[in-house]
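Our numbering puts the sequence shown at residues 18 to 91. Heads up, the beta-carbon is just placed ideally off N, CA and C, and yes, glycines get one too. Being a predicted model, the structure only gives us computed values, none of them experimental.
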Amino acid sequence: MRKFLWFMLFILVFSFNWTYTLWAIQTLSLEDVILIGIKNNPQINIASKIKEQYFYQKNLVKSEFFPYLYLEYS
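The structure is reproduced here in structure tokens:
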């Protein structure tokens with residue numbers, strides 16, 4: 018019984034180390050790295066939110082009744 022437990026412990030440790038090295042070998046493409054960097058950059062997130070708000074206001078103004086507001090933004 019004791020040999021069996023040592024064997025199972027050895028297999029468990031070996032398999033854990035093997036999967037850990039597999040995760041370490043995984044590489045990322047340049048596109049993945051850029052997308053992760055853009056997603057995690059707070060300045061770009063703020064800029065995209067400001068841009069979305071600008072387009073929302075622009076569409077809101079275009080949908081108003083007065084045409085001079087529409088021409089001002091087109």
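- The Cβ atoms of isoleucine 55 and isoleucine 63 do not sit closer than 8 Å to each other.
- In this structure, the straight-line span from the alpha carbon of lysine 66 to that of proline 59 is close to 11 Å.
- Separation of leucine 26 and arginine 19 (C-alpha to C-alpha, rounded to the nearest whole angstrom) is 11 Å.
- Asparagine 58: not part of any alpha helix (DSSP H); DSSP gives it neither H nor E.
- DSSP, read as helix, strand or coil, puts leucine 45 in coil.
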